[in-house]
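Residue numbers (my numbering), protein chains in the order written: chain V, 26 to 289; chain C, -7 to 147.
Written below as structure tokens is the structure these notes are about.
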Amino acid sequence: MKGLLDLSDIRQKLNTKIIGKEIRLFEDIDSTNREAMVLGASGAKEGTVVLAESQTGGKGRLGRTWYSPKGENLYLSIILRPPVLLAEAQLITVVAAVSVAETIKKFTDIRPGVKWPNDILINRRKVAGILTELASGNDKVNYLVVGIGINLNMEISSAPEEIRGIAGSLKDFTGREIDRAGFLATNLSEFEYYYMIFKAGERQRIMDIYTGYSATLGNRIRVRSLEGSIEGIACGFNMEGGLLLKRDSGIIDTILAGDIEHIS
Amino acid sequence: MNLNELKELIKLLRDSDIEELELEKSGFRVRLKKKETYSYSPAKERDAIPVYHPAEAEESPVAAEEEKDGKKLVTITSPIVGTFYRAPSPDASPYAEVGDSVKKGQILCVVEAMKLMNEIESDVDGRIQEILAENAHPVEYGEPLFLIEPSIKEG
């Protein structure tokens, strides 16, 4: 049995001012995002982190679940109350992606790629996923919850078949066990760093780093929605994190939602 | 050009009959078009990237009142550009149906942009008269999503 997370160990390694000053650790939970949304609604402080050893229903997009075996990986949700307009809030998903990518680079010397908007990939395998939920009122953010799942030490051979071909863990690529508490502390500190830049309105700085990690940029991609699909080359991002897609006709579309697929 | 000048420009365009406006000024270029589809907004060329978003310059559209058959209806509109979802997952039942009674603060739908799931709440206690957007389709900033007939307050 591998060691479970120890709050005092995490606190010792943590050097943040806001993020993770309060951590709620659960051994088993349905979903850290669900718990964090409930805590957010009851007034939990900005920076509160919900952390779990395992999730029975880790939330993915559109009802998908995030595979969350016990004691192997990291599953966390961060409660935030940024004083921004709703139209500006989506950049937080880019902030989260950058924080995870930077942490992976620091811990493994592997430079991951980010598939738009925020899937973290190594050798085209997804090693981390981010899902953000937001509660709003009057065009302002009331609170939001950034959910992050990072595959650190799980054995891909024991993962469910449907993700075995597309997922990976950091251990797969480094061949060694990752210190989960240390990784968490670094990730929270990276997150805080970029979150402060976001709150200061310095979008360009965030987008520059994000662009450097992009695995989507320069690729031919297809965007699907119920209204049909469009194809083109990913040629850049706007300051809201939207993807600029150049079609063969030369027209550039700004993509903010929809499923994208790399086709080259 | 600063944000205030841009706001002025947007206001000017909105209050006029002009459909589209392009302005070039010392290396800076901005193109404004009425009712632009931002999720798929065509720009003419590489330089004309629609970075500026009218959403930041407009006033809160979240709830508006409308008269219908002598009844005051409240319109719930989308606060962001994104994809409209009536249920938390494809297999789940919708958050709300026509005819449902809803409470103020109750979640009516989700609008997603860049994996950010924005839960849209009702602004009033009332009954859902109409659902104006289609599930899993793109919606614009300010696009009407629900018409709600508010409950008559007692006393």
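We put the beta carbon where it would ideally sit given N, CA and C, even for glycine.
Original post:
For V:Ile155 versus V:Gly193, is the C-beta distance shorter than 7 Å?
Top reply: The sequence position of residue 155 of chain V within the first sequence is 130, counting from 1. The sequence position of residue 193 of chain V within the first sequence is 168, counting from 1. No. Outside cutoff.
**OP:** Along the beta strand (DSSP E) that carries V:Asn58, what are the first and last residues, could you check?
**Re:** By one-based count along the first sequence, residue 58 of chain V stands at place 33. Segment 57 to 66 is the alpha helix (DSSP H) holding V:Asn58; no beta strand (DSSP E) there.
Original post:
Using a C-beta to C-beta distance shorter than 9 Å, which residues of chain V count as neighbours of C:Thr67?
Top reply: Reading the second sequence from its first residue, position 75 is the one you call residue 67 of chain C. Simply none; closest approach about 15 Å.
Original post:
What does V:Leu50 touch in chain C if you count any residue whose Cβ is under 9 Å from its own?
Top reply: Numbered from its first residue, the first sequence carries residue 50 of chain V at position 25. Those within 9 Å of V:Leu50 in chain C number zero; the least Cβ separation is about 25 Å.
Original post:
Is the number of C-beta pairs between the stretch 127 to 137 of chain V and the stretch 158 to 173 of chain V that are closer than 8 Å three or more?
Top reply: By the Cβ test, the stretch 127 to 137 of chain V is not in contact with the stretch 158 to 173 of chain V, since fewer than three Cβ pairs between them sit closer than 8 Å.
Original post:
By the 10 Å Cβ neighbour count, where 16 or more other Cβ atoms means buried, how is V:Ile145 classified, buried or exposed?
Top reply: Within the first sequence, residue 145 of chain V is the residue found at index 120, counting from 1. Within a 10 Å sphere around the beta-carbon of V:Ile145 sit 16 or more other beta-carbons, which makes this residue buried.
Subject >> Nearest neighbour of V:Val75, chosen from V:Lys95, V:Ile44, V:Lys165 [CA to CA] >> reply: What you label residue 75 of chain V is simply residue 50 of the first sequence in a count that begins at 1. Scanning V:Lys95, V:Ile44, V:Lys165 for the CA closest to the CA of V:Val75 turns up V:Ile44.
**OP:** Determine which residues of the stretch 64 to 92 of chain V have a Cβ less than 7 Å from any Cβ of chain C, and write them out in chain order.
**Re:** Taking 7 Å as the Cβ-Cβ cut-off, the stretch 64 to 92 of chain V approaches chain C at Arg86, Leu87, Gly88, given in chain order.
Subject >> Same chain, Cβ closer than 8 Å to C:Gly118, five either side skipped, listed in chain order >> reply: The sequence position of residue 118 of chain C within the second sequence is 126, counting from 1. Within the same chain, and ignoring the five residues on either side of C:Gly118 in sequence, the residues whose Cβ sits closer than 8 Å to its Cβ are Val66, Ser93, Val94, Ile140, Glu141, Pro142, Ser143.
Subject >> For C:Leu139, three-class secondary structure by DSSP >> reply: The count along the second sequence starts at 1 and reaches residue 139 of chain C at position 147. If DSSP states are grouped into helix, strand and coil, C:Leu139 belongs with the strands.
**OP:** Could you check which residue in V:Gly261, V:Ala112, V:Arg249, V:Asn176 has the C-alpha nearest to that of V:Arg332?
**Re:** Nothing about residue 332 of chain V can be reported from this structure: the residues present for chain V run from 26 to 289 only.
Original post:
Short check: CB of V:Ala126 to CB of V:Tyr219, under 7 Å?
Top reply: Working through the first sequence from its first residue, we reach residue 126 of chain V at position 101. Working through the first sequence from its first residue, we reach residue 219 of chain V at position 194. No.
Subject >> Exposure label - V:Asn4; buried when at least 16 CB within 10 Å >> reply: Here chain V comprises residues numbered 26 to 289, so residue 4 of chain V is not present and cannot be evaluated.
Original post:
What are the residues of the stretch 82 to 108 of chain C that lie near chain V, defined by any Cβ-Cβ distance shorter than 9 Å?
Top reply: Going along the stretch 82 to 108 of chain C in chain order, one finds Pro82, Asp83, Ala84, Gly97, Ile99, Val102, Val103, Glu104, Ala105, Met106, Lys107, Leu108 with a Cβ nearer than 9 Å to chain V.
Subject >> Through-space distance from C:Ala79 to V:Arg249, alpha-carbon basis >> reply: Residue mapping note: residue 249 of chain V aligns to position 224 of the first sequence, counting from 1. Residue mapping note: residue 79 of chain C aligns to position 87 of the second sequence, counting from 1. Distance between the alpha carbons of V:Arg249 and C:Ala79: 19 Å.
Original post:
Taking C-beta to C-beta, are C:Leu108 and V:Thr118 nearer than 7 Å?
Top reply: What you label residue 108 of chain C is simply residue 116 of the second sequence in a count that begins at 1. What you label residue 118 of chain V is simply residue 93 of the first sequence in a count that begins at 1. Yes. Within cutoff.
Original post:
Hey, does V:Asp164 have any beta-carbon neighbour from chain C nearer than 7 Å?
Top reply: As a first step, residue 164 of chain V is located in the first sequence; it is residue number 139 there, counting from the start. At a cut-off of 7 Å, the C-beta of V:Asp164 has a neighbouring C-beta in chain C.
Original post:
Near V:Ser79, which residues of its chain fall below 6 Å by C-beta distance, leaving aside the five closest residues on each side in sequence?
Top reply: Stepping through the first sequence from its first residue, residue 79 of chain V is reached at position 54. Counting only residues of its own chain and dropping the five nearest sequence neighbours on each side, V:Ser79 has a CB closer than 6 Å to the CB of Asp53, Ser93, Lys95.
**OP:** Using a Cβ cut-off of 9 Å, pull out every chain V residue sitting near C:Gly118, in sequence order please.
**Re:** Indexing the second sequence from 1 puts residue 118 of chain C at position 126. In chain order: nothing, as chain V lies at least about 17 Å away.
Original post:
First and last residue of the beta strand (DSSP E) that includes V:Lys95?
Top reply: For this step, residue 95 of chain V is matched to residue 70 along the first sequence. For V:Lys95, no beta strand (DSSP E) encloses it, and the DSSP letter there is neither H nor E.
**OP:** Within its chain, find whatever has a CB closer than 7 Å to the CB of C:Tyr87; leave out the 5 residues flanking it on each side and keep chain order.
**Re:** Counting from one through the second sequence, the residue named residue 87 of chain C turns up at place 95. Around C:Tyr87: Arg78, Ala79, Ile99, Leu100, Cys101.
**OP:** Kindly identify the DSSP beta-bridge partner or partners of V:Cys260.
**Re:** Mapped onto the first sequence, residue 260 of chain V falls at position 235. For V:Cys260, no pairing in a beta bridge is given by DSSP.
Original post:
Is V:Gly154 helix, strand or coil by DSSP?
Top reply: Locating residue 154 of chain V in the first sequence gives position 129, where the first residue counts as 1. Of the three classes helix, strand and coil, the one that applies to V:Gly154 here is strand, per DSSP.
Original post:
What is the rounded straight-line gap between the Cα of V:Ile285 and the Cα of V:Val63?
Top reply: By 1-based counting over the first sequence, the position of residue 285 of chain V is 260. By 1-based counting over the first sequence, the position of residue 63 of chain V is 38. Approximately 31 Å, taken between the alpha carbons.
Subject >> Residue ranges of each beta strand (DSSP E) within the stretch 87 to 166 of chain V, 3 or longer >> reply: 99 to 105, 138 to 140, 144 to 147, 150 to 162, all fully within the stretch 87 to 166 of chain V.
**OP:** Within its chain, find whatever has a CB closer than 8 Å to the CB of C:Ala105; leave out the 5 residues flanking it on each side and keep chain order.
**Re:** Numbered from its first residue, the second sequence carries residue 105 of chain C at position 113. So the qualifying residues of the chain are Ile72, Val73, Gly74, Thr75.
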